[in-house]
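K.L.:
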Amino acid sequence: MGAKVNILEVRDLVTGYTDLNILHGISIHIKSGEIVSIIGPNGSGKSTLMKAIFGLLRPRGGAIVFKDHDITGVKPDAVVRLGMSYVPQEKEFFPSLTILENLEMGAFIRDDDISDSLERIYAIFPALKEKGHIRAGALSGGEQRMVGIGRALMLSPDLLLLDEPSAGLAPVMRDMVFEKITEVNRAGTSILIVEQNARRSLGISDRGYVLETGVNRFEGRGLELLENEDVLRLYLGG
Amino acid sequence: MQLVINGLVIGSIIAITAIGLSMIYKTLNFVNFAHGDFVAFAAYIALFANTSGMHLASAFLVAILATIVLGVFMEKVVWHPMRRKNASRTTLIIISIGLALVLRNILIFIWGGSTRNYNIPVRRGFEFFGATITPNQVLVIIAAFILVFALHCLLSRTKIGKSIRALSDNIDLARISGIDVDRVILWTWVIGLGLAAAGGVLYGLVTAIRPDMGWYLLLPMFAAVILGGIGNPYGTIAGGIIIGLSQELSTAVLPTEYKFAVSFVVMTLVLLLKPEGIFGGAK
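Protein chains in written order, with the UniProt record's numbering: chain A, 1 to 238; chain B, 1 to 283.
1. Where does tyrosine 17 of chain A sit, in a helix, a strand or coil, going by DSSP?
2. So isoleucine 26 of chain A and leucine 13 of chain A are supposed to be a Cβ contact under 8 Å. How far apart are they, rounded?
3. Identify each residue in the region 12-33 of chain A for which the Cβ-Cβ distance to at least one residue of chain B is less than 8 Å, and report them in chain order.
4. Quick check for students: name the residue ranges of the alpha helix (DSSP H) that lie wholly in the region 242-282 of chain B, counting only runs of 4 or more.
5. Measuring CA to CA, which of A/Asn21, A/Leu97, A/Leu159 and A/Ala198 is closest to alanine 174 of chain A?
6. One question on the structure: do glutamate 164 of chain A and glutamine 196 of chain A come within less than 9 Å of each other, judged by their Cβ atoms?
7. Can you name the start and end residues of the alpha helix (DSSP H) that asparagine 216 of chain A belongs to?
8. I'd like to know whether the C-beta of isoleucine 176 of chain B is nearer than 9 Å to at least one C-beta of chain A.
9. Here's the rule I'm using: 16 or more other beta-carbon atoms within 10 Å means buried, otherwise exposed. How should methionine 154 of chain A be labelled?
10. In this structure, how does DSSP classify threonine 132 of chain B when only helix, strand and coil are distinguished?
11. Using the C-alpha atoms, what's the distance from arginine 124 of chain B back to leucine 133 of chain B?
12. Are there 16 or more other CB atoms within 10 angstroms of the CB of tyrosine 17 of chain A, so buried, or fewer, so exposed?
13. Report buried or exposed for lysine 85 of chain B, applying the criterion of at least 16 other Cβ atoms within 10 angstroms of its Cβ.
14. Excluding sequence positions up to five away, which residues of its chain have a Cβ less than 8 Å from the Cβ of lysine 131 of chain A?
15. Can you pull the chain B residues whose beta carbon is under 8 Å from the beta carbon of arginine 81 of chain A, in chain order?
16. Does the beta-carbon of phenylalanine 145 of chain B have 16 or more other beta-carbons within 10 angstroms, so that it is buried, or is it exposed?
17. Which of helix, strand or coil does DSSP assign to serine 88 of chain B?
18. Note down the Cα distance separating tyrosine 216 of chain B from leucine 173 of chain B, rounded to an integer number of angstroms.
19. Expressed to the nearest angstrom, what Euclidean distance is found between the alpha-carbon atoms of alanine 46 of chain B and glycine 192 of chain B?
20. Using beta-carbon positions only, say whether arginine 221 of chain A and valine 210 of chain A come within less than 9 Å of one another.
21. Examine chain B for any beta-carbon lying closer than 9 Å to the beta-carbon of glutamate 143 of chain A, and answer yes or no.
22. Does the separation of the CB atoms of isoleucine 243 of chain B and leucine 269 of chain B fall below 9 Å?
23. Which one of B/Thr115, B/Ala66 and B/Gln2 has the shortest CA to CA distance from phenylalanine 41 of chain B?
24. Is the beta carbon of glycine 199 of chain B closer than 9 Å to that of valine 39 of chain B?
25. Contact check, alanine 131 of chain B vs glutamine 2 of chain B under 8 Å by CB: the rounded distance?
26. Look at serine 177 of chain B and glycine 106 of chain A and say whether their C-beta atoms are less than 9 Å apart.
27. The region 101-114 of chain A: which residues have C-beta closer than 9 Å to a C-beta of chain B, in chain order?
28. What residue range is occupied by the uninterrupted beta strand (DSSP E) comprising serine 156 of chain A?
29. Is the CB-CB distance between threonine 27 of chain B and serine 250 of chain B below 9 Å?
30. My output table needs one value for isoleucine 38 of chain A: the three-state DSSP class, helix, strand or coil.
31. What does the alpha-carbon distance come out to for the pair serine 88 of chain B and isoleucine 24 of chain B?
32. How would you label leucine 223 of chain A, buried or exposed, when you count the other beta carbons within 10 angstroms and need 16 or more for buried?
33. Would you decide whether residue 297 of chain B is buried or exposed? Buried here means 16 or more other CB atoms lie within 10 Å of its CB.
34. Between leucine 162 of chain A and chain B, is the shortest Cβ-Cβ distance under 9 Å, so that the two count as touching?
35. For a quick check, are the C-beta atoms of glycine 239 of chain B and valine 262 of chain B less than 9 Å apart?
36. Using the C-alpha atoms, what's the distance from alanine 63 of chain B back to alanine 143 of chain B?
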């Protein structure tokens with residue numbers, strides 16, 4: 001494990017909206033093949049970190065390096081081309097487009113035949129194949145989440161960012177989502193998850209970070225964090 | 001029957017001109033008050049080309065092209081820079097009102113404020129179930145039908161069409177997916193204003209060409225957009241037909257001067273009863 005290279009490294013990242021900084025020097029890294037969770041209370045800057053990594057928010061300090069490319073302040077379409085995908089929290093699909101069209105939009109930057117990618121997504125989410133021509137807006141919450149994740153996987157990314165992948169889902173659907181995340185990871189995609197549902201998320205993670213108001217608070221192996229008394233007390237309500 | 005035919009004709013024009021208003025409203029999140037004046041601009045370009053000796057069919061194409069060029073120019077020098085500066089929605093609306101006034105006054109400056117007509121032979125209408133329908137009216141309905149069909153193919157079959165719909169659904173997700181958002185916005189203008197221009201030239205076939213013809217069309221267009229659900233092109237088409245029909249049919253019981261008020265009433269009723277539009281626009 002120690003020999004693996006960092007696929008993503010974030011160093012001392014400072015960013016925020018308008019005059020206010022949300023992140024005050026966050027540092028995280030993800031090794032190739034890992035699942036890493038970021039947990040923390042509301043307002044700790046988890047989603048902000050995701051947006052800054054993906055180029056939706058301009059960093060004011062620090063650096064982001066993805067596969068040896070400095071992507072600090074690089075726009076999302078360039079980040080996509082380098083092999084990173086992002087499933088935002090809520091509104092993760094195009095409601096008036098069909099399932100098939102949603103997936104096609106995920107492969108927008110490709111001009112060649114995308115049927116190989118479609119087959120790969122259908123293998124992960126067979127339910128999407130049968131309903132290909134139904135508008136995504138008419139699907140159930142769980143199916144919409146599959147569409148969102150499927151869209152992000154269309155380009156076979158090396159790194160997948162997932163913002164609250166289990167939020168708002170029924171328990172059985174949550175199980176399905178975490179199962180699929182492990183499956184995607186086993187096929188070779190590194191994954192960064194931001195989750196409220198910290199127990200489940202850390203349970204499938206190699207490592208985790210705990211954020212508190214924009215700074216790193218704890219860092220450790222997934223299961224170790226689950227046993228850390230301070231983490232339990234502060235963020236897991238244990 | 002006569003009123004139904006008149007309603008269908010004006011309804012088709014409202015429908016195809018309003019699609020662009022609806023798409024831009026949803027995608028860029030502002031109401032383009034200059035949209036109607038682009039409609040008038042197209043009619044005047046066609047008039048100019050036609051009275052300079054060009055056949056009306058070629059004048060039609062020239063007008064569409066000129067309107068698209070003007071629209072792309074405005075996107076490059078006004079709308080895109082304003083979005084980069086994070087201009088508020090109110091700012092954009094006020095700019096569009098200013099642009100509307102400038103455009104209209106340029107038309108008045110060049111061609112004067114009086115009504116004009118294309119240089120085409122006046123042909124007799126023919127009887128149709130007790131009503132008179134003119135060849136121009138038939139032309140308008142057929143052309144509108146062809147344009148709507150072409151639009152449908154574009155939006156549902158082509159990559160650029162699908163990405164236009166994706167942008168109007170969720171522009172942030174489009175950006176995240178790696179879609180070149182600025183390029184697709186440009187295409188949205190091209191198609192929206194192309195249709196508005198086509199509608200403007202057709203409008204000139206069935207009404208007198210005046211500088212304020214587009215401005216007065218803006219209210220019914222807006223009613224059609226609301227009725228069909230903002231950002232839903234198919235809803236807008238249906239909304240346009242409904243507004244056109246209700247405007248004309250109202251003249252059976254109300255004085256003609258009130259027909260524009262009818263679209264206001266229909267729009268207000270829809271907003272009160274079903275704010276997302278009767279065809280459930282994309283939320």
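Just so it is clear, CB atoms sit at the ideal spot from N, CA and C, and this is done for glycine as well.
P.N.:
Well, looking at it:
1. strand
2. 5 Å
3. Result list empty, no residue passes.
4. The region 242-282 of chain B contains these whole alpha helix (DSSP H) runs: 259-273.
5. Checking the displayed sequence, the identity of residue 174 of chain A turns out to be arginine instead of alanine. It is A/Ala198.
6. yes
7. Unbroken run through asparagine 216 of chain A is the beta strand (DSSP E), 215-221; no alpha helix (DSSP H).
8. yes
9. Answer is buried; the Cβ neighbour count reaches 16.
10. strand
11. At residue 133 of chain B the sequence reads isoleucine, which differs from the leucine that was named. Distance between the alpha carbons of isoleucine 133 of chain B and arginine 124 of chain B: 9 Å.
12. For tyrosine 17 of chain A, the number of other beta carbons within 10 angstroms of its own is below 16, and it is reported as exposed.
13. exposed
14. Closer than 8 Å at Cβ, skipping near neighbours: Ile99, Leu139 and Glu143.
15. The answer, in chain order, is Gly178.
16. exposed
17. coil
18. If you take the alpha carbons of tyrosine 216 of chain B and leucine 173 of chain B, they lie about 36 Å apart.
19. 18 Å
20. In terms of Cβ geometry, arginine 221 of chain A and valine 210 of chain A do not form a close pair [threshold 9 Å].
21. no
22. no
23. B/Ala66
24. Cβ distance < 9 Å, so valine 39 of chain B and glycine 199 of chain B count as in contact.
25. Sure, about 4 Å apart at Cβ, within 8 Å.
26. yes
27. Glu101, Asn102, Glu104, Met105, Gly106, Ala107, Phe108, Ile109 and Asp111
28. According to the DSSP assignment, serine 156 of chain A belongs to no beta strand (DSSP E), since it is labelled neither H nor E.
29. no
30. strand
31. 15 Å
32. exposed
33. Not covered by the structure: residue 297 of chain B. The range shown for chain B is 1 to 283.
34. Using beta-carbon distances, leucine 162 of chain A does not count as an interface residue toward chain B, since no partner is under 9 Å.
35. no
36. 15 Å
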